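Numbering (the numbering used here), first residue to last: 18 to 403.
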């Protein structure tokens, strides 16, 4: 029997590998001789580096970079086991968690540190870069990242722009002549799970600016600045990004990645399943088990269990999900490929208690799921021989 275990993390409780290990332990109580393939997963957001490094036998690289407000911060990226792929979480260098509530001001914050992470990956010899964008403190359209990578952003006096989203209103020229030449030989895939355009009522500033500290006046200022930025991207490369779905992701980061670096904006879970070659693991499997901390109606919008289930569907392999919690509206997931969903919480507890008991509850639930699966197999075999 071949069983593929491909869960996401239970956030603030267990890593994706911890979840996979607990599920395997439970199943082994019933199926000790089965073949188990564990692929810790992620959807391109927080935890993607950890999961992909663990799944490929890679390593985590730590370094100091420029934080959102120009301060030094300790960040990281993942170097995968293939020896040529780097995985970067934008939030590690430019994340909202790196800025206090009082400091939040997307007119000033910069993505420069994310560019420094890309440079570090290039220095290590990366041929492929997977960049997860999200959770950022920034609204600079990726301008800071471009500056770190060698681009010169000039005003009408020929002076370099200051860092931050507000300064983009002064841009007169994007000079790519000094852009790091190694980028031309890199395949850049961007994990992007929102389809917001760069500007307008559904754009980066209006939708995401307030949570980053933008007042209504600043939202209008930033939106106007990003429009100028988008116009200059089109003038520079011919690529139209103002209305491009995903260009508004992460404070407009999608605009620079797509319009200036020619990166591909893709659903995060699709990038991860491709990079980890989930399809090859699932082919010929008897069962796939996935899961995450919470399963609800939003799970169908690009979350890990859905991505795993879609791959399993291609090979007609049944998929079971284990969850830390389920909401009343969870059942929609059955229409999208998840055959069964089980909560691992077996009694009324507080959230801290549930998180503290997650490892044991996963093991017990997995064991019981395996027992039910075994009973069904035995019953089927008995009928066939009767």
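We put the CB at the ideal spot given by N, CA and C, even for glycine.
This one's a predicted model, so the numbers in the text were calculated from it and none came from an experiment.
Which residues in the same chain have their Cβ closer than 6 Å to the Cβ of residue 314, if we skip the five residues on either side of it in sequence?
For the purposes of this step, residue 314 is identified with residue 297 of the chain shown, where counting begins at 1. Within the same chain, residue 314 has close Cβ partners 346, 349.
Among 74, 123, 369, 83, whose alpha-carbon lies nearest the alpha-carbon of residue 7?
Nothing about residue 7 can be read from this structure; the chain reaches only from 18 to 403.
Please report how far the alpha carbon of residue 378 lies from the alpha carbon of residue 371, in whole angstroms.
In the chain shown, residue 378 corresponds to position 361, counting from 1. In the chain shown, residue 371 corresponds to position 354, counting from 1. Answer to the nearest angstrom: the Cα atoms are 9 Å apart.
Residue closest to residue 187, alpha-carbon to alpha-carbon, out of 248, 143, 48
To locate residue 187, count along the chain shown from 1; it is residue 170. Comparing Cα-Cα distances from residue 187 to each of 248, 143, 48, the minimum goes to 248.
To the nearest angstrom, how far is it from the Cα of residue 337 to the Cα of residue 357?
The count along the chain shown starts at 1 and reaches residue 337 at position 320. The count along the chain shown starts at 1 and reaches residue 357 at position 340. For residue 337 and residue 357, the distance between alpha carbons rounds to 5 Å.
Count the other C-beta atoms from every protein chain shown that fall within 10 angstroms of the C-beta of residue 206, then say buried if there are 16 or more, exposed otherwise.
As a working mapping, residue 206 is identified with position 189 in the chain shown. It counts as buried.
Inside the stretch 61-133 only - beta strand (DSSP E) runs reaching at least 3 residues
76-83, 89-96, 102-106
Cutoff 6 Å; reference residue 290; Cβ partners in own chain excluding five residues on either side
Here residue 290 refers to the residue found at position 273 of the chain shown. Cβ within range, chain order: 324, 328.
Could you check the C-alpha separation between residue 145 and residue 50 for me, to the nearest Å?
For the purposes of this step, residue 145 is taken as the residue at position 128 of the chain shown. For the purposes of this step, residue 50 is taken as the residue at position 33 of the chain shown. One C-alpha to the other measures close to 37 Å.
For the alpha helix (DSSP H) that contains residue 243, what are its first and last residues?
Here residue 243 is taken as the residue at index 226 of the chain shown, counted from 1. 233-254 is the span of the alpha helix (DSSP H), which, as asked, contains residue 243.
In the DSSP assignment, what are the bridge partners of residue 360?
Position 343 of the chain shown holds residue 360. Per DSSP, the beta bridge partners of residue 360 are 340.
Beta strand (DSSP E) segment containing residue 145, residue limits
As a first step, residue 145 must be located in the chain shown, where it is residue number 128. Its beta strand (DSSP E) spans residues 145-149.
Out of 111, 36, 234, 179, which has the shortest C-alpha to C-alpha gap to residue 267?
Start at 1 with the first residue of the chain shown, and residue 267 comes out as number 250. Minimum Cα distance to residue 267 is reached at 111.
Would you mind sorting residue 57 into buried or exposed? The rule is 16 or more other CB atoms within 10 Å of its CB.
One-based indexing of the chain shown puts residue 57 at position 40. Taking all protein chains shown into account, residue 57 has 16 or more neighbouring C-beta atoms within 10 Å of its C-beta and is therefore buried.
Please confirm if residue 244 has its CB atom under 8 Å from at least one CB of chain C.
Considering every chain present, this structure includes no chain C. It has just one protein chain.
Neighbourhood of residue 256 by C-beta distance below 6 Å, restricted to the same chain and skipping five residues each side:
Mapped onto the chain shown, residue 256 falls at position 239. Answer for residue 256: 276, listed in chain order.
Hey, how far is the Cα of residue 192 from the Cα of residue 152?
Here residue 192 refers to the residue found at position 175 of the chain shown. Here residue 152 refers to the residue found at position 135 of the chain shown. Looking at the two C-alpha atoms, the distance is approximately 28 Å.
In this structure, does DSSP put residue 53 in helix, strand or coil?
Position 36 of the chain shown, counted from the start, is the residue given in the question as residue 53. Residue 53 falls in the strand class under three-state DSSP.
Contact check, residue 197 vs residue 158, beta carbons under 8 Å:
Taking the chain shown and counting its residues from 1, one reaches residue 197 at position 180. Taking the chain shown and counting its residues from 1, one reaches residue 158 at position 141. Contact: no.
Which value, in whole angstroms, describes the spacing of the CA atoms of residue 246 and residue 30?
In the chain shown, counting from the first residue as 1, residue 246 sits at position 229. In the chain shown, counting from the first residue as 1, residue 30 sits at position 13. Cα to Cα, residue 246 sits roughly 40 Å from residue 30.
Expressed to the nearest angstrom, what Euclidean distance is found between the alpha-carbon atoms of residue 310 and residue 25?
Counting from 1 along the chain shown, the entry for residue 310 is found at position 293. Counting from 1 along the chain shown, the entry for residue 25 is found at position 8. Approximately 8 Å, taken between the alpha carbons.
Inter-residue spacing [alpha-carbon to alpha-carbon] between residue 298 and residue 164:
The sequence position of residue 298 within the chain shown is 281, counting from 1. The sequence position of residue 164 within the chain shown is 147, counting from 1. Taking the straight line joining both Cα atoms gives about 41 Å.
Local conformation of residue 192 per DSSP, three classes
Position 175 of the chain shown, counted from the first residue, corresponds to residue 192. Residue 192: strand per DSSP, three-state reduction.
Helix or strand or just coil, what does DSSP make of residue 182?
By 1-based counting over the chain shown, the position of residue 182 is 165. Of the three classes helix, strand and coil, the one that applies to residue 182 here is coil, per DSSP.
Using the Cα positions of residue 230 and residue 87, report the straight-line distance between them to the nearest angstrom.
Within the chain shown, residue 230 is the residue found at index 213, counting from 1. Within the chain shown, residue 87 is the residue found at index 70, counting from 1. Roughly 17 Å separates the two Cα atoms.
Reduced DSSP category for residue 177 - H, G, I as helix; E, B as strand; rest coil
Counting from one through the chain shown, the residue named residue 177 turns up at place 160. Residue state, collapsed to three classes: strand.
Give me the Cα-Cα distance between residue 47 and residue 41, rounded to the nearest whole angstrom.
Residue numbering aside, residue 47 sits at position 30 when the chain shown is read from its first letter. Residue numbering aside, residue 41 sits at position 24 when the chain shown is read from its first letter. So the two alpha carbons sit approximately 10 Å from each other.
Would you say residue 95 and residue 286 are within 8 Å of each other, going by their C-beta atoms?
As a first step, residue 95 is located in the chain shown; it is residue number 78 there, counting from the start. As a first step, residue 286 is located in the chain shown; it is residue number 269 there, counting from the start. Not in contact: residue 95 and residue 286 (Cβ atoms no closer than 8 Å).
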